[in-house]
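J.: Here it is: the structure, laid out below.
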Amino acid sequence: MKRIFLWLLGALLIALGLLVEAGMIGGFVALINSPVIILILLVVVFAVLIGNCIFKYGWNYTEEYDEKEDITL
1 MKRIFLWLLG ALLIALGLLV EAGMIGGFVA LINSPVIILI LLVVVFAVLI GNCIFKYGWN
61 YTEEYDEKED ITL
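The numbering used here puts the last residue of the sequence shown at 73; the count rises by one with no breaks.
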C-alpha cells in the first residue's frame, strides 16, 4: 500500500514537472501534439521509478550515503 502511494506521489511530481515545463518553454503545445499513449507510459514508468527510490531510500537521503560508497578511479 505504501509503495502504491509513493507511485502516485511520483506521478503527481511528474505531472507538476510537466506543468512547469509547459509553462516555461511552451511544451504544452508539444504535449498536445504528441501521442497520448507514449506520454502516459512515460509518466507511469517515471512514477514507478520515483516511488521506488522514495520507498528504498526514504525522505532522509543525505550526502553521507554517497560518502559511504565513495568509489574513486
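Backbone N, C-alpha and C fix where the C-beta goes; we use that ideal spot for every residue, glycine too. Nothing here was measured: the structure is a model prediction, and the numbers come from that model.
1. For Leu18, which of Val43, Tyr57, Leu49, Cys53 has the nearest alpha-carbon?
2. Roughly how many whole angstroms lie between the Cα atoms of Met1 and Phe46?
3. Below 8 Å CB to CB, which residues in the same chain sit around Leu49 once its five sequence neighbours on both sides are set aside?
4. In three-state terms, what does DSSP make of Gly58?
5. Using the rule of at least 16 other Cβ atoms within 10 Å of the residue's Cβ for burial, across every protein chain shown, is Gly51 buried or exposed?
T.: With the structure as the only source:
1. Comparing Cα-Cα distances from Leu18 to each of Val43, Tyr57, Leu49, Cys53, the minimum goes to Val43.
2. Across the structure, Met1 and Phe46 are spaced so that their CA atoms are roughly 18 Å apart.
3. Counting only Cβ-Cβ distances below 8 Å, and skipping sequence neighbours, we find Gly10.
4. In the structure shown, Gly58 sits in coil (DSSP, three-state: anything other than H, G, I, E or B).
5. Buried, since its Cβ has 16 or more Cβ neighbours within 10 Å.
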